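*Asks:* Quick one: this structure, given as structure tokens, is what I'll be asking you about.
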Amino acid sequence: MKVSVSSSGKNLDSPIDPCFGRCAYFVIVNTDDMSFEAFDNEGIALGGGAGKRFASLYANPSSQDQRSVKK
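Each residue of the sequence shown is one higher than the one before, counting from 49 in our numbering.
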């Protein structure tokens, strides 16, 4: 299963950010093997709907760009 975590950093040791839509990064963790990808939150400066924007991008993986950061 994949889980999205709002994070203040790009790795699994980074603190969780309590504000989903305004976090610095989204970390997608595969709980089966603990592999992960970190994405910059490009919606951090939006006036509203940043969390919804990420959710719609994540729900449609083909729309995600190739700027992800992998460890």
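For glycine and all other residues, C-beta sits at the position ideal for the given N, C-alpha and C. Because the structure is a prediction, the values reported are computed rather than measured.
On the criterion of 16 or more Cβ atoms from any shown chain inside 10 Å, does Val75 qualify as buried, or is it exposed?
*Replies:* Taking the first residue of the sequence shown as position 1, residue 75 is located at position 27. Buried is the call here.
*Asks:* If I follow the unbroken beta strand (DSSP E) through Ile76, where does it start and stop?
*Replies:* Here residue 76 is taken as the residue at index 28 of the sequence shown, counted from 1. Taken as a continuous stretch (DSSP letters only), the beta strand (DSSP E) holding Ile76 covers 73 to 78.
*Asks:* Taking Ile92 as the reference, give the member of Ser54, Gly69, Glu85 with the closest Cα.
*Replies:* For the purposes of this step, residue 92 is taken as residue 44 along the sequence shown, with counting starting at 1. The residue with the shortest Cα to Cα distance from Ile92 is Gly69.
*Asks:* What are the start and end residues of the beta strand (DSSP E) that includes Lys50?
*Replies:* Against the sequence shown, residue 50 aligns to sequence position 2. Unbroken beta strand (DSSP E) run through Lys50: 50 to 55.
*Asks:* Determine the extent of the beta strand (DSSP E) in which Glu85 is found, giving its start and end residues.
*Replies:* If you number the sequence shown from 1, residue 85 lands on position 37. Start and end: 83 to 88.
*Asks:* Any idea which residues DSSP pairs Ile64 with across the strands?
*Replies:* Residue mapping note: residue 64 aligns to position 16 of the sequence shown, counting from 1. Answer is Ser55, bridged to Ile64.
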